Amino acid sequence: MSTATAQVPDQLGRFGPFGRRFVPETLMHALDQLTEEYERAKADPQFQEQLANLLQTYVGRPSPLYFAERLTEKAGGARIYLKREDLNHTGAHKINNTIGQTLLTLRMGKQRVIAETGAGQHGVATATACARFGLECVVYMGEEDIRRQQLNVFNMRTMGAEVRPVTSGSRTLRDAVNEAMRDWMATVENTHYILGSVVGPHPFPMIVRDFQAVIGREARQQCLDAVGQLPDEVIACVGGGSNSAGMFYPFIEDDGVALTGVEAGGRSNKPGDHASPLSYGKPGILHGSYSYVLQDDDGQTLDVHSISAGLDYPGVGPEHSYWKDTGRVQYTTCSDEDALATFQKMARLEGILPAIESSHAVSQALKSAANRSPDDVILVCLSGRGDKDVNEVARLTGQTL
Amino acid sequence: MAETTLISQKFLELKSKNRLAFMPFITAGDPDVDMTKDLIRTLTSAGVDLIEVGFPYSDPIADGPVIQASYTRALNGGITVDQILQAIAEVKSDDTPPLVAMVSYAIVFRHGVEEFIQDAKKAGFAGLIIPDLPGAEAAECFELVRSYGLDLVQLVAPTTPRERVQQIVQNSSGFLYCVAVAGTTGVREQVADALLDQLRWLREETDLPLAVGFGISKPEHVMPLRELADGVIIGSGIVRQLEDLVQGAVDRETTLKKIGQLANAMVSSTART
């Protein structure tokens, strides 16, 4: 395949061969309607101004770019800078997208919002935006995830969202997406589905990337201001791929900047032990989109595992598949064990409890920095904070809260 | 498009008999392939006009809870595409009505699109419904399916605007699957007025037979459709009967008997006069 460009997707939602729309006819009209409304909103200065204002005064943007001095010393090579998405309101990058899509919901005159959530970060960010604008909000969440993420469930309910347990299939994120899509098929006239990642049918991968691209745009400028040059490498973790898509996209046409995506390596590279479709999967169809996916030979989706509930997904956004096949982004994995060790390193060296998702990216940054000269600069997307993970970390390290 | 297929022949035949087609849906492999074969034999004896055979899929977003549960049961039993194709080849006889495979594009794509069409034809299928390959996305696949003398049936939803219909019709053959209600498959009480309006304008857009599915579960649902539709589809209505079987509440024989009776009643309800 040829070089990657930022001029994707096309009208049909294609990123190279990836993406498109593989959904039941019932949803096609809603997706057309959403595409049109998004194009209008994008070109509307009033919409852009309202979004920028909310991101500044409500979310707390721009998020800082922080020089991680002690982490840099520890790695003993390139200088490591962290893009602090963990400092956003609600503690992760997810809110960049939910604020944008909530404004779209209001433009379309819809009164009800649905969302899926795995770890609960997107659910909380959606419940937050809906509370702010007085919209009805229903969040689908796997029964298994509800058990693991009680704090986020409590927060969503406190903000007025209804959390609906999903008891079908594997009872995790993938089934929550199925249920949300089913709800949407029956309620599409008055309901908008705020998808939380760069996955699903066109236009979702484009819309979510665009709303998350604020991360990369800010980081690019902040890096120029702080060190007077573009970074040598940008690193982010990849589950569905929203923080990484937002971080990478503004750098796609900066040829000298290496981009590295880190997938959840889990326990091993055996099927069922990881959540790394780009590293170990094949192109196929899942949730309305053509992209790398973890499937068996019959096209049935495989179960996945990761220490991090936010990366625990068998598919990935189609733009990542495009970046992988064009060679623009290198994808690698980080094991559960390394992510956990990095979580603790970050806590001790920098006084930051990172989300266990983001720990995957930092872990790769430590490895890469060690092989680079002190003149080099590495930017890492610290996509969220780790409060939600402390129960799990305590359990895994044999401590009690 | 001049070449006739088994499915279009069937609709012509029914027209001359002044009847609607009755088409039940069953899940392949729920709870095992032997039951699927027995069901096809039972439905054939009951005189159904076509049979839809669902290929279990792990993430069926177009289907409601009853069919998803059925797919899960079949997948837990270890059902594979090859086993389904083999079972169909074994059970098919000269009396078997045209069989239509309902299968997700995820499965078709992984199998290889042309290979899947070839294998489905060889097993004895007359057509395919790929519910997640809508409208113009199906153009390429449609050509391939037709080149093997099979039909590719597409869906029209309550949310489909009239201006989209030509895109769908151009890549559809055999019949049009008209989704009666927005949402997923499942049993409902009434047939909506909006559906009747849609059937009227669809008739102006295409000569393809119109078959109504989603929300049809009993003979009373057929009455208001008699003048407007060419066929009716029961989805979860039959699959639901298998729940009792799996829970051990009834035995196989009773289940087959009850399904045979429902199919008989449906077939009787489809006479226009």
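Chains as they are written, first to last, in this note's numbering: chain L, 85 to 485; chain F, 32 to 304.
Backbone N, C-alpha and C fix where the C-beta goes; we use that ideal spot for every residue, glycine too.
Bear in mind that the values here come from a model prediction, so they are computed numbers and not experimental data.
In this structure, the beta-carbon distance from A245(L) to A211(L) falls below 8 Å. Between V208(L) and N236(L), the alpha-carbon positions lie close to 6 Å from each other. Measuring C-alpha to C-alpha distances from T156(L) to each of D409(L), G300(L), I462(L), G399(L) identifies I462(L) as the nearest. Look at I264(F) here: in three-state DSSP terms it is strand.
Within a 10 Å sphere around the beta-carbon of A225(F) sit fewer than 16 other beta-carbons, which makes this residue exposed. Contact annotation for M192(L) against chain F: no contact, minimum CB-CB distance about 14 Å [criterion: below 9 Å]. The secondary-structure analysis by DSSP pairs P189(F) with nothing; it has no beta-bridge partner.
Close to chain F, meaning a Cβ-Cβ distance shorter than 7 Å, are the following residues of the segment 357 to 370 of chain L: G368, I369, L370. If you look at V341(L), you'll find it isn't in any alpha helix (DSSP H); DSSP assigns it neither H nor E. If you check each beta-carbon in the segment 254 to 274 of chain L against every beta-carbon of chain F, the ones closer than 7 Å belong to R258, N262, M265, R266, M269, A270, V272.
For the segment 368 to 394 of chain L, the beta-carbon criterion of a distance under 9 Å to any beta-carbon of chain F is satisfied by G368, I369, L370, H371, G372, Y374, V377, Q379, D380, D381, D382, G383, Q384, T385, L386. In this structure, N202(F) lies near G166(F), with their beta-carbon atoms less than 8 Å apart.
Three or more Cβ pairs closer than 8 Å define a contact, and the segment 326 to 340 of chain L falls short of that threshold against the segment 212 to 226 of chain L.
Residues of the segment 97 to 114 of chain L with a C-beta less than 9 Å from any C-beta of chain F: R104, R105, F106, V107, P108, E109, T110, L111, M112, H113, A114, listed in chain order. Sixteen is the threshold: since fewer than 16 other Cβ atoms of the shown chains lie within 10 Å of the Cβ of R432(L), the residue is exposed. When secondary structure is reduced to three states using DSSP, I92(F) falls in the coil class, being assigned neither helix nor strand. Shown here, P55(F) sits in a strand according to DSSP, grouped into three states. Listed in chain order, the non-local C-beta contacts of Q233(L) below 7 Å within the same chain comprise A203, G204, A393, K472, local neighbours out to five positions each way being set aside.
Following the DSSP letters along the chain, one finds G85(F) inside the beta strand (DSSP E) bounded by residues 82 to 85. Annotation for G158(F): the continuous beta strand (DSSP E) segment containing it runs 158 to 160. Judged by their CB atoms, D420(L) and S254(L) are not nearer to each other than the 8 Å cut-off. With respect to the C-alpha of I138(F), the residue from G108(F), V263(F), G85(F) having the closest C-alpha is G85(F). Note that the C-beta distance between I369(L) and I440(L) is not below 8 Å. Put simply, the backbone Cα of P367(L) is about 5 Å away from that of S375(L). When Cβ-Cβ separations below 8 Å define contact, S252(L) makes contact with chain F. When DSSP states are grouped into helix, strand and coil, E347(L) belongs to the strand group. The segment 176 to 189 of chain L makes contact with the segment 291 to 304 of chain L: 3 or more CB pairs, one atom from each, lie closer than 8 Å.
Residue state for K41(F) is assigned as helix, using DSSP reduced to three classes. Within chain L, no C-beta atom comes nearer than 7 Å to that of F42(F); the closest sits roughly 21 Å away. Under the Cβ criterion of 8 Å, P250(F) is not counted among the residues facing chain L. When rounded, the separation of the alpha-carbon atoms in A359(L) and D380(L) is 14 Å.
For Q272(F), there are no C-beta contacts with chain L under 8 Å, since the nearest C-beta of that chain is about 20 Å from it. Close to L186(F), with beta-carbon spacing below 9 Å, are these residues of chain L in chain order: P108, E109, T110. When Cβ-Cβ separations below 8 Å define contact, F173(F) makes no contact with chain L. Beyond the five residues adjoining it in sequence on each side, V212(F) comes within less than 7 Å, by CB distance, of P189, R219, A223, F245, G246 in the same chain, given in chain order. Between the segment 475 to 484 of chain L and the segment 67 to 81 of chain F, the count of Cβ pairs shorter than 8 Å is below three; the stretches do not touch.
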